[in-house]
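Visitor:
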Amino acid sequence: MNKSLPRVLISREQIAHRVDKLGRQITADFQGEEIVILCILNGAFVFCSDLIKKIQLPLKVEFISLSSYGSGTDSKEEVICEWDCKLSLRDRNVVIVEDIVDSGLTIKYLLQMIHSRGAKSVKVAALLFKPSRNRYPVSIDYLGFEIPDQFVVGHGLDHAQKYRELPYIGIIE
Ligand code: IMP
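If you read the sequence shown in the numbering used here, its first letter stands for residue 13, the second for the next number, and so on.
1. Report buried or exposed for LYS65, applying the criterion of at least 16 other Cβ atoms within 10 angstroms of its Cβ.
2. Name the two residues that bound the continuous alpha helix (DSSP H) containing SER79.
3. If you reduce the DSSP assignment to three classes, tell me which class VAL58 lands in.
4. Please say whether LYS135 and ASP103 have beta carbons closer to each other than 7 Å?
5. Which of the three DSSP states is assigned to GLY182 in this structure?
6. May I have the straight-line CA-CA distance separating GLY35 from GLU185, to the nearest angstrom?
7. Beta carbon of SER151: closer than 6 Å to some heavy atom of the ligand IMP?
8. Counting contacts by CB-CB distance shorter than 7 Å, is PRO149 in contact with chain C?
9. Could you tell me the boundaries of the beta strand (DSSP E) in which ALA138 lies?
10. Are there any heavy atoms of the ligand COA lying less than 6 Å away from the beta-carbon of ASP41, as far as the coordinates show?
11. Please name the residue in ILE47, ASP161, VAL58, LEU101 whose C-alpha comes closest to that of GLY130.
12. What's the C-alpha gap between ALA138 and ILE152?
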C-alpha cells in the first residue's frame, strides 16, 4: 500500500463515463463537419487522448502550450504562448481542450487568440471547473465536472510535474 497516493475525488470510471458523454455531444453538435481539436499542453493531453476516441467525426489534433503569470490580485496578469499550433485555424471549427478552468484567464486569452485567427467556430471542452475560483467568466461548452476549491492532480494534471499518470482525479492530503 502506498500511503502517499492522493485521495480519490473522481474515479477513473466516473471520468470514462463522462468523457464518453462529452464525445457523443461533440459528435452530435458537429454532424457533417470537420473539427480541429486544440489541446492545451501539458495538462490536457490525457483528457484529450480519451476524448478524441469518443468523437465520431473527421478531426485534426493540434497542440498549444500556454503559461500564465501574476497573482490573483495582480492587474499585470498575463498569458504567454510558449508553443503555437502550426495549422491555420481560419474557417475551422475549433474545440479547445483544457484540463481545468481555474481563474479562466488561460481560456479567455486563448478564445480571443483563436477568434482573431478567423476560426469559423470556437468551443471549449474542459475536464474540470472550479466555479469558486473563476474570475474571468468563460462559457464551457463541454464540461466534465465542477469541483470544489482544492488543488487536484492526476489524469494529466500535475503538482510540480508529478502525478500526471494517476488514472483518477485526486487531492493531495
Ligand atoms: P487559469 O488560467 O487560472 O484558469 O488556470 C488554468 C491552469 O492552471 C490549468 O491549465 C492548470 O495548468 C492550472 N491549474 C489550476 N488549478 C489546478 C489544480 O487544481 N491542479 C493542477 N493544475 C491546476
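For glycine and all other residues, C-beta sits at the position ideal for the given N, C-alpha and C. Just so we're clear, the structure is a prediction, and the values are computed from it rather than from any experiment.
Guide: In short:
1. Result: exposed.
2. First-last for SER79: 71 to 81, but that is the beta strand (DSSP E), not the alpha helix (DSSP H).
3. Here VAL58 carries a helix assignment [DSSP, helix/strand/coil].
4. No, Cβ-Cβ distance for ASP103 and LYS135 is not below 7 Å.
5. Three-state DSSP puts GLY182 in a strand.
6. Their backbone Cα atoms lie some 32 Å apart in a straight line.
7. Outside the cutoff, so no.
8. Given the protein chain composition of this structure (a single chain), no chain C is represented.
9. Note, ALA138: beta strand (DSSP E), 133 to 141.
10. In the structure shown, the ligand COA is absent; the only ligands present are the ligand IMP.
11. Taking only the C-alpha atoms, the option nearest GLY130 is LEU101.
12. Distance between the alpha carbons of ALA138 and ILE152: 7 Å.
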